[in-house]
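Take a look at the structure set out below.
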Amino acid sequence: AARARILALNEDDLCLYRYVEANLDYFTNHRGRPPNISSRLSRGKVYGAEDGTLRGWALAHDPNQLATIEVRVGGNAVHRCYADQFVPWLKKVTPHGVGGFEVCLPAGLSAGSGPVRVMIAGTEKDLEGSPLVV
11 AARARILALN
21 EDDLCLYRYV
31 EANLDYFTNH
41 RGRPPNISSR
51 LSRGKVYGAE
61 DGTLRGWALA
71 HDPNQLATIE
81 VRVGGNAVHR
91 CYADQFVPWL
101 KKVTPHGVGG
111 FEVCLPAGLS
121 AGSGPVRVMI
131 AGTEKDLEGS
141 PLVV
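In this text, residue positions in the sequence shown follow the working numbering: the first is 11, and each later residue adds one.
Take a look at the structure:
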């Protein structure tokens, strides 16, 4: 009974684990993939926080690919990361629920540096909510 209760409480984690386990080779073998796979954005959104943290989500066109996020200030790329965090509600639009991201802006970023653009890396496509004013 205890095992059944624990499994029920961890259903999202188990679902994600099984999906990654079944597709691990695909997720980790980046050789032979087209270089611009992340440029085909389905959808995404970014939210700014008062503490300088940017949070959001982005999904690549192919649901088995991770979107690569780029943060630009004044035309310069200041950060790049994958949208690789699990977000429970994303399971409604992608089988694994992975697509969230969180970025802490560099400490030396001043308010006069210009707007902060959050986009899919290698493109000029801003996420919804971008550009942001810091």
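From the three backbone atoms N, C-alpha and C, an ideal C-beta is built for every residue, glycine too. Fair warning: this is a prediction, and the values are worked out from it, not measured in the lab.
Pairwise C-alpha distance: Thr78 and Thr133: Here the question's residue 133 lines up with position 123 in the sequence shown. Here the question's residue 78 lines up with position 68 in the sequence shown. Taking the straight line joining both Cα atoms gives about 10 Å.
Backbone CA spacing between Asp136 and Ala93 [nearest angstrom]: Start at 1 with the first residue of the sequence shown, and residue 136 comes out as number 126. Start at 1 with the first residue of the sequence shown, and residue 93 comes out as number 83. Cα-Cα distance, rounded: 14 Å.
Delimiting residues of the beta strand (DSSP E) encompassing Ala117: In the sequence shown, residue 117 corresponds to position 107, counting from 1. Element bounds for Ala117: n/a, residue is neither H nor E.
Beta-carbon gap between Thr63 and Val113 smaller than 8 Å: In the sequence shown, counting from the first residue as 1, residue 63 sits at position 53. In the sequence shown, counting from the first residue as 1, residue 113 sits at position 103. Yes, they are a contact pair.
Unbroken alpha helix (DSSP H) run spanning Leu19, endpoints: Taking the sequence shown and counting its residues from 1, the one referred to as residue 19 is at position 9. Run containing Leu19: 12-19, per the alpha helix (DSSP H) assignment.
Beta-carbon contacts of Leu100 that lie in its chain and below 6 Å, excluding the five residues immediately before and after: Indexing the sequence shown from 1 puts residue 100 at position 90. Once the five neighbours on either side are set aside, the close Cβ partners of Leu100 are Gly107, Gly109.
Reduced DSSP secondary structure (H/G/I, E/B, other) of Ala77: The count along the sequence shown starts at 1 and reaches residue 77 at position 67. Coil.
Tyr27 to Ala11 span [Cα, whole Å]: Indexing the sequence shown from 1 puts residue 27 at position 17. Indexing the sequence shown from 1 puts residue 11 at position 1. Going by the C-alpha atoms only, they are around 22 Å apart.
Residues near Arg90 by beta carbon distance below 8 Å, same chain, minus five either side: Residue 90 sits at position 80 when you count from the first residue of the sequence shown. Correct list, in chain order: Thr78, Ile79, Glu80, Val81, Ala131.
DSSP bridge partner residues for Gly84 (one or two, in chain order): On the sequence shown, position 74 is the one that residue 84 refers to. Answer by DSSP bridge pairing: none, since Gly84 is not bridged.
Distance between Tyr29 and Ala18 (C-alpha atoms, nearest Å): The sequence position of residue 18 within the sequence shown is 8, counting from 1. The sequence position of residue 29 within the sequence shown is 19, counting from 1. If I take the Cα positions, the gap works out to 17 Å.
Beta-carbon proximity check, Gly54 vs Glu138, cutoff 8 Å: Within the sequence shown, the letter at position 44 stands for residue 54. Within the sequence shown, the letter at position 128 stands for residue 138. Yes, the Cβ-Cβ distance between Gly54 and Glu138 is below 8 Å.
Proximity of Val103 and Leu69 at Cβ, strictly below 8 Å: As a working mapping, residue 103 is identified with position 93 in the sequence shown. As a working mapping, residue 69 is identified with position 59 in the sequence shown. Cβ atoms of Val103 and Leu69: closer than 8 Å.
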